[in-house]
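What follows is a short report on a single structure.
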Amino acid sequence: MISLSKIITLVGILAIVWFAFRLLGKVQRQRAESLRRHGGVKANPKGGPRAREKTDAADTQEMAKCSVCGVYVAAGSGRCGTPGCPR
1 MISLSKIITL
11 VGILAIVWFA
21 FRLLGKVQRQ
31 RAESLRRHGG
41 VKANPKGGPR
51 AREKTDAADT
61 QEMAKCSVCG
71 VYVAAGSGRC
81 GTPGCPR
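Note that the UniProt record's numbering numbers the sequence shown so that position 8 is 8, with each residue one more than the last.
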């Protein structure tokens, strides 16, 4: 049977859900406004992938494994630089 305490509990739960949706809407509006203000680019404060520019192919180097000690070095380099390696 429906009692007064059940009705009050139901109204309380509905109020919590309603306020939660209002808060989420406000956060979304603030993010959209921030993105609009900054030209659609938002930097990641932790320096993650969003903050970095895309690297060009010229910035990367091909790596090769040293045939003697197994250390990876830049392709075309003469020595691997590992102490004790004869190459």
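For every residue, glycine included, the Cβ atom is placed at its ideal position computed from N, Cα and C. Treat the numbers as computed from the prediction; the structure is a model and nothing was measured.
Are the CB atoms of residue i and residue j nearer to each other than 8 angstroms?
i	j	result
T60	V71	no
For residue i, which of the options has the nearest alpha-carbon?
i	options	result
E62	C69, G76 and V68	G76
Tell me the residue span of the alpha helix (DSSP H) that contains residue i.
i	result
A75	Element bounds for A75: n/a, residue is neither H nor E.
S5	L4 to R37
In chain order, what residues of the same chain have a beta carbon less than 7 angstroms from the beta carbon of residue i, not counting five sequence neighbours either side?
i	result
R65	Inspection of the sequence shows that residue 65 is occupied by Lys rather than by Arg. Excluding residues within five positions, the ones whose Cβ falls inside 7 angstroms are Y72.
Beta-carbon within less than 6 angstroms of residue i's beta-carbon, same chain only, minus the 5 sequence neighbours each way: which residues are those?
i	result
S34	none
T9	none
According to DSSP, residue i sits in a beta bridge with which residue or residues?
i	result
M63	A74
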